[in-house]
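When you line the sequence shown up against mature numbering (1 follows the signal peptide of the UniProt record, and there is no 0), it's residues -21 to -1, 1 to 472, in that order. Okay, structure first, notes after.
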Amino acid sequence: MRSLLALLLLAGLLVPASAAAQERPCGSQVTPVAGTQPVLAGSRPVLLVHGILSGRNHWGGSDLADLHRRLRGLPSVTLWTFDYSEVSDQWVTNDRIGPALARAVQCLAVASGKQVIVGAHSMGGLVTQYALGTVRDSVAGVFTVGTPFRGSLLLSVGQGLHGGAANLRPGDHLALRAGLALCKKFQKKPNSLCGTIDAVISQPVGRALTIDSAQIKALPPWPRDLPLLTVAGNTKYRWTLKLVLLPDPKIADFDMGDPFVSVSSATAEQRSDGRKVKECEPGGLLKVFTSTCSHSNLKGRIGVQNDIVEFVEKAARSSPPRIPATFRLPNEDTGTLTRAMRPWDAANACEPTDDRPSDSARLDMRGVVLPKGGDPLASQEHWQLATYRDDATAAKALAEIRAGESCTGQEGPAVDIPVGSGGFSRSKFSGAVAVGEPGDGLFRAATRIGNAVLLYARRPQNEPRPDLRTADPKAVAALTSVVKSMCEHGWSC
């Protein structure tokens, strides 16, 4: 009896797929939410990922119109969907699923100049987990609804149905087969619901979504520092015995999850207060399929939508760009990488151990030194890039760097470096002149792009000593080139 119930519950999770041709700046699998034509550049993309046997419109139903309106009302937010419906019966490692989502996230991040917020339903959360293995730096946060992080008990039962597994009693196995045959008889459409169930169970995704499967365990670990909201549904069902003219005595209470995914599976990756469980008592077995806690309807609940909007708003505020894994400073493959942030203090005769308040607020950094004769302090060229938690902290860090340069009183002119269409970063140039032969001087510059600070220095080769009254054209050109590359890799320019 319970096995037959499991089959019926499995039928409630399926959602028909459909697609609409719209503008596709990041390939055919990424489109704006239906009814919108957003401008991607400079926006905060929110990418919605559907689940098993579904499609892009799963996140576009009329029950989500208010959610779309509220999300679009947040500063700069644009809504997009990722569609893998044509291969949704395959596992996330399929090139058109997990790898394609990673490419989509990277494309949206580069085109918008901001990290992407991903929203996922059901298996879409596992697709996102796979993609995060390569594009973590491009993601600001993830919210999931009904994602089987540890697999689905119902699909585990379904595997027993499909293969006649030994762990099912003969009577249960026959009952499940009979239930499926009866369902197919009354659903005469070519792509009947029960026929689709049988097809999925025999496909890679059906095998991979069993409880604690090897495929799930092989996914990249969930990033521990990534903001995450997990939403689970829990249908509480009470079995009762009907008696004439007497109150119905309670036989047993069951927590049935959504019921495709249990609460423990849907919240398995949650570490803090981002775990949200929505409970329902539908009052009848058949209503389990249609309650607001069911797998397909959960995201339409007002409480769930409130949680999503609050999460997106917070993630958008607290997710400054970091240095993307694909970004490279000039000559990074040949130079010596450093972790210092004050490459010129020694050349200025300033104290190199002075603390700077912004040091503790640094998120990430990368530095490249092309040494001259093996001595980094006499380097031919030096690049450093650091990101901070917000624009104001980066501005403070830049001021501290310039204050360090001014300890010798040798500050050069300010120069406008283009950082986007019509935008400029005011860069301060200075030149440290050492006593000695031509070539002992140092051209140097520092500038800020959003929450990032970029430093550059070069030692002239057989050139006159630096003139503090003018900026070095070669340094200006080099800095402009890197700033342009930064703008193409996710910084707000």
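Glycine included, every Cβ here is placed at the ideal spot set by N, Cα and C. Treat the numbers as computed from the prediction; the structure is a model and nothing was measured.
query	result
Which value, in whole angstroms, describes the spacing of the CA atoms of Thr60 and Val124?	15 angstroms
Does the structure place the region 278 to 287 close enough to the region 233 to 247 that three or more beta carbon pairs sit under 8 angstroms?	no
Would you say Gly314 touches the ligand SAM, meaning its beta carbon is less than 6 angstroms from a heavy atom?	Inclusion of the ligand SAM in the displayed structure is not the case, the ligand content being empty and no account of it being possible.
Could you tell me which residues DSSP puts in a beta bridge with Asp370?	Per DSSP, none; premise fails for Asp370.
Is Ile281 buried or exposed, if buried means 16 or more other CB atoms sit within 10 Å of its CB?	exposed
Mind checking whether Ala110 and Ala90 have CB atoms under 7 angstroms apart?	no
Relative to the alpha-carbon of Asp42, which residue among Pro350, Val283, Asn430 and Arg250 has its alpha-carbon at the smallest distance?	Val283
Output yes or no for whether 7 angstroms exceeds the beta carbon distance between Leu32 and Ser67.	yes
Assuming Gly98 contacts Leu27 under a Cβ cut-off of 8 angstroms, what Cβ separation, rounded to an integer in Å, is found between them?	5 angstroms
Would you please state the rounded distance, in angstroms, between the beta carbons of Asp237 and Thr214? I believe it to be under 8 angstroms.	7 angstroms
If we require 3 or more residues per run, which beta strand (DSSP E) segments fall completely within the region 243 to 307?	254 to 259
Could you please give the first and the last residue of the uninterrupted beta strand (DSSP E) stretch that includes Val89?	Not the beta strand (DSSP E): Val89 falls in the alpha helix (DSSP H), residues Gly77 to Ser91.
With burial defined as no fewer than 16 other Cβ atoms inside 10 Å of the residue's Cβ, what is the status of Thr366: buried or exposed?	buried
Mind reading off the beta-carbon distance from Gln182 to Gln69? Whole number of angstroms is fine, and I expect it under 8 angstroms.	7 angstroms
Which residues mark the beginning and the end of the beta strand (DSSP E) in which Asp42 is found?	Neither: Asp42 is in no beta strand (DSSP E) and is coded neither H nor E.
Can you tell me the Cα-Cα spacing of Leu87 and Pro350, whole angstroms?	37 angstroms
Does the Cβ of Ser460 have 16 or more other Cβ atoms within 10 Å, making it buried, or fewer, making it exposed?	exposed
Which two residues bound the contiguous beta strand (DSSP E) that contains Arg186?	Segment Pro183 to Ala187 is the alpha helix (DSSP H) holding Arg186; no beta strand (DSSP E) there.
Which residue from Asp74, Leu19 and Thr15 puts its Cα closest to that of Cys5?	Leu19
Expressed to the nearest angstrom, what Euclidean distance is found between the alpha-carbon atoms of Phe306 and His47?	33 angstroms
If you draw a straight line from the C-alpha of Thr107 to the C-alpha of Ala83, how long is it?	11 angstroms
Give me, in chain order, the residues of the same chain whose beta-carbon lies closer than 7 angstroms to that of Thr313; leave out the 5 immediate sequence neighbours on both sides.	none
Would Leu188 and Leu134 be called neighbours here (beta carbons separated by less than 7 angstroms)?	yes
Assign Pro452 to one of three DSSP states: helix, strand, or coil.	helix
Classify Leu19 as helix, strand or coil using the three-state DSSP reduction.	coil
Per DSSP, what kind of secondary structure is Val71 in: helix, strand or coil?	coil
Where does the unbroken beta strand (DSSP E) through Leu316 begin, and where does it stop?	Thr315 to Thr317
Output the distance between the C-alpha atoms of Gly185 and Trp201, rounded to the nearest integer angstrom.	22 angstroms
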